[in-house]
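Chemist:
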Amino acid sequence: MKNKLFILCITICIGYGIICPDLLAKSAANGLYLWYHSVLPTLLPFGILSGIILRTGMYDAILERISPFLKGIYPLRPPLFYPLIAGYLFGFPLGSKLCADLYDLGKISKNEAVRVSCISNNFGPAFVVNYVLAALPEGVMPDWMFLAICYGTPLLLGWFMLWRAPENPPEKNSEKMPASRSEITLKIIDDGIMNGFTTMIKLAGYIMLFSIAADFAGHLPLPGTALSGCVIGLLEITNGIYTVSGTEWPAEIKYLSAMAMVSFGGISGICQTASMLAKLQSSIRTYVIFKLLNAMLATLFTAALVCYLNHQ
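Last residue of the sequence shown: 471 (this note's numbering), numbering continuous.
#1: On a Cα-Cα basis, can you pick out the residue from Cys277, Gly392, His378 that is closest to tyrosine 175?
#2: Starting from the C-beta of proline 313, find all residues in its chain whose C-beta is less than 7 angstroms away, skip the five residues before and the five after it, and write them out in chain order.
#3: Would you identify the three-state DSSP class for aspartate 260, choosing helix, strand or coil?
#4: For glycine 424, name the three-state secondary structure that DSSP assigns.
#5: Tell me the rounded alpha-carbon separation between alanine 338 and leucine 235.
#6: Return the first residue and the last residue of the alpha helix (DSSP H) that alanine 454 is part of.
#7: Do you know offhand how far arginine 274's Cα is from leucine 229's?
#8: Going by CA-CA distance only, name the one from Ile177, Phe375, Gly428, Phe286 that's closest to lysine 361.
#9: Where does the unbroken alpha helix (DSSP H) through arginine 224 begin, and where does it stop?
#10: Cα separation between isoleucine 267 and alanine 410?
#11: Measuring alpha carbon to alpha carbon, tell me which of Glu223, Lys413, Leu393 ends up nearest alanine 294.
#12: Cβ atoms of isoleucine 371 and leucine 253: under 8 angstroms apart, would you say?
#13: DSSP three-state call for cysteine 179: helix, strand or coil?
#14: Can you tell me where the alpha helix (DSSP H) holding serine 279 begins and where it ends?
#15: Could you tell me the distance, in whole angstroms, from the CA atom of leucine 203 to the CA atom of glycine 210?
#16: Examine the Cβ distances between the segment 395 to 406 and the segment 214 to 226 and report whether three or more of them are shorter than 8 angstroms.
#17: How many angstroms separate the CA atom of glycine 265 from the CA atom of glycine 216?
#18: Find out if the Cβ-Cβ distance for the pair valine 421, valine 288 is shorter than 8 angstroms.
#19: Could you spell out where the alpha helix (DSSP H) holding leucine 292 opens and where it closes?
#20: Going by C-alpha distance, which of Ala457, Met455, Phe305, Tyr241 is nearest cysteine 258?
#21: Hey, could you find the ends of the alpha helix (DSSP H) arginine 214 is sitting in?
#22: Using 10 angstroms around the beta-carbon of glutamine 471, count the other beta-carbons present and answer buried if the total reaches 16, otherwise exposed.
#23: Would you call threonine 344 buried or exposed, if buried means 16 or more other Cβ atoms sit within 10 Å of its Cβ?
#24: Is the beta carbon of leucine 191 sitting closer than 8 angstroms to the one on methionine 367?
#25: Quick one, are the C-beta atoms of lysine 438 and threonine 358 less than 8 angstroms apart?
#26: Please report the distance separating the alpha-carbon of alanine 376 from that of leucine 436.
#27: Out of curiosity, what's the CA-to-CA distance linking glycine 311 and proline 237?
#28: Does DSSP classify tryptophan 399 as helix, strand or coil?
#29: Can you tell me the Cβ-Cβ gap for isoleucine 391 and threonine 406, rounded? I've got them flagged as a contact below 8 angstroms.
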């Protein structure tokens with residue numbers, strides 16, 4: 160069934176390109192423009208530096224020392240705090256990429272990588288403020304409240320997930336250390352650069368493909384721009400936010416829709432995460448379920464807050 164659906168989607172895309180080559184080229188260019196101007200300069204430096212940091216283990220001793228304090232706040236083992244913090248600061252999908260790298264180095268288990276990926280894979284604050292909130296009408300709620308729900312909900316949901324799950328550290332460390340220190344330094348830098356660019360190329364492909372899919376969905380004969388916005392937002396958040404912001408919906412509904420899109424991340428986000436976690440050879444089902452629950456819970460929090468503010 161999955162293969163048939165995949166073949167159908169590819170056939171539709173090919174047919175779309177043959178019938179409307181100008182629209183296909185324009186949507187592909189828009190996706191690559193978004194990648195080049197927003198994703199590449201933001202994530203590539205941090206992707207390279209994070210790869211170097213993980214392979215040198217320069218923060219391991221620090222995390223070990225402060226882990227008793229951190230663990231009193233959040234139930235994680237020391238190596239997992241770095242991908243959690245980096246994912247929140249630098250944005251999607253760096254959290255899942257770092258978890259996959261830590262698993263590859265033998266520092267965390269497969270289950271730990273999947274769980275922390277669920278929590279840390281969020282859009283960066285710069286994207287939420289400069290794109291999402293900038294596209295929404297003002298006066299519904301303060302920006303800090305929107306950000307608090309956006310980033311607090313996965314932490315809360317993740318706390319319950321981690322609280323119920325027992326710790327399962329890896330059985331052994333699979334990292335192989337080269338012979339001399341100079342070789343370690345050069346190899347780590349080279350690996351960090353290549354790893355960072357490989358990740359960015361993968362993201363470029365996914366962003367371009369889903370930009371084409373979103374453009375195709377926007378040209379479907381759907382009844383009204385509202386339904387079109389929901390379909391596009393389900394596929395890819397950037398085009399979804401843009402479409403919803405142009406509808407005649409009430410401002411409160413636009414905020415609820417934006418929160419649902421940001422919290423879920425879109426099918427494009429799921430595919431990108433699956434690509435980052437490919438080396439785990441694990442099902443993406445846990446991640447999808449977490450993101451669905453996160454979107455529902457965050458939207459409920461936003462609705463409750465909007466109702467409260469409107470009655471003040």
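Ideal Cβ placement from N, Cα and C applies to all residues, glycine included.
Modeler: So, from the listed chains and residues:
#1: Counting from one through the sequence shown, the residue named residue 175 turns up at place 16. The shortest Cα separation from tyrosine 175 among Cys277, Gly392, His378 belongs to His378.
#2: One-based indexing of the sequence shown puts residue 313 at position 154. The residues are Ile278, Asn281, Asn453.
#3: Here residue 260 corresponds to residue number 101 of the sequence shown, with the count starting at 1. Reduced to three states, the DSSP call for aspartate 260 is helix.
#4: What you label residue 424 is simply residue 265 of the sequence shown in a count that begins at 1. Reduced to three states, the DSSP call for glycine 424 is coil.
#5: Residue 338 sits at position 179 when you count from the first residue of the sequence shown. Residue 235 sits at position 76 when you count from the first residue of the sequence shown. Here alanine 338 scores only 37 on pLDDT, less than 50, and its place in the model should not be relied on; the value that follows carries that caveat. The alpha-carbon atoms of alanine 338 and leucine 235 are separated by roughly 32 angstroms.
#6: Counting from 1 along the sequence shown, the entry for residue 454 is found at position 295. First-last of the alpha helix (DSSP H) with alanine 454: 444 to 469.
#7: As a position in the sequence shown, residue 274 is number 115, starting the count at 1. As a position in the sequence shown, residue 229 is number 70, starting the count at 1. Those two C-alpha atoms are separated by around 17 angstroms.
#8: Stepping through the sequence shown from its first residue, residue 361 is reached at position 202. Comparing Cα positions, the closest option is Gly428.
#9: Here residue 224 refers to the residue found at position 65 when the sequence shown is read from its first residue. Counting along the chain, the alpha helix (DSSP H) containing arginine 224 begins and ends at 219 to 232.
#10: The sequence position of residue 267 within the sequence shown is 108, counting from 1. The sequence position of residue 410 within the sequence shown is 251, counting from 1. Using only the alpha carbons, I get a separation of about 44 angstroms.
#11: On the sequence shown, residue 294 is found 135 positions in, with the first residue counted as 1. Taking only the C-alpha atoms, the option nearest alanine 294 is Lys413.
#12: The residue given as residue 253 occupies position 94 in the sequence shown. The residue given as residue 371 occupies position 212 in the sequence shown. Their beta carbons are not under 8 angstroms apart, which means leucine 253 does not touch isoleucine 371 by this criterion.
#13: Walking along the sequence shown from the start, residue 179 turns up at place 20. Coil, per DSSP.
#14: Counting from one through the sequence shown, the residue named residue 279 turns up at place 120. Its alpha helix (DSSP H) spans residues 269 to 279.
#15: Walking along the sequence shown from the start, residue 203 turns up at place 44. Walking along the sequence shown from the start, residue 210 turns up at place 51. Taking the straight line from one Cα to the other gives about 11 angstroms.
#16: no
#17: Here residue 265 corresponds to residue number 106 of the sequence shown, with the count starting at 1. Here residue 216 corresponds to residue number 57 of the sequence shown, with the count starting at 1. Computed Cα separation, rounded: 12 angstroms.
#18: On the sequence shown, residue 421 is found 262 positions in, with the first residue counted as 1. On the sequence shown, residue 288 is found 129 positions in, with the first residue counted as 1. The answer is no: Cβ separation not under 8 angstroms.
#19: Translated into the one-based positions of the sequence shown, residue 292 becomes position 133. Note, leucine 292: premise wrong, no alpha helix (DSSP H); not H, not E.
#20: The residue you call residue 258 lines up with position 99 of the sequence shown. Answer by Cα proximity: Tyr241.
#21: Sequence index remark: in the sequence shown, residue 214 carries index 55 (1-based). Per DSSP, arginine 214 belongs to the alpha helix (DSSP H) from 199 to 215.
#22: The residue you call residue 471 lines up with position 312 of the sequence shown. So glutamine 471 ends up on the exposed side.
#23: Here residue 344 refers to the residue found at position 185 of the sequence shown. Burial call: exposed.
#24: Within the sequence shown, numbered from 1, the residue matching residue 191 stands at position 32. Within the sequence shown, numbered from 1, the residue matching residue 367 stands at position 208. Yes.
#25: Residue mapping note: residue 438 aligns to position 279 of the sequence shown, counting from 1. Residue mapping note: residue 358 aligns to position 199 of the sequence shown, counting from 1. Cβ distance not < 8 angstroms, so lysine 438 and threonine 358 don't count as in contact.
#26: Working through the sequence shown from its first residue, we reach residue 376 at position 217. Working through the sequence shown from its first residue, we reach residue 436 at position 277. If I take the Cα positions, the gap works out to 28 angstroms.
#27: On the sequence shown, position 152 is the one that residue 311 refers to. On the sequence shown, position 78 is the one that residue 237 refers to. Between glycine 311 and proline 237, the C-alpha separation is close to 21 angstroms.
#28: On the sequence shown, residue 399 is found 240 positions in, with the first residue counted as 1. Note that residue 399 is glycine in the sequence shown here, rather than tryptophan. Correct three-state label for glycine 399: helix.
#29: Working through the sequence shown from its first residue, we reach residue 391 at position 232. Working through the sequence shown from its first residue, we reach residue 406 at position 247. With a Cβ gap of about 11 angstroms, isoleucine 391 and threonine 406 do not count as contacting.
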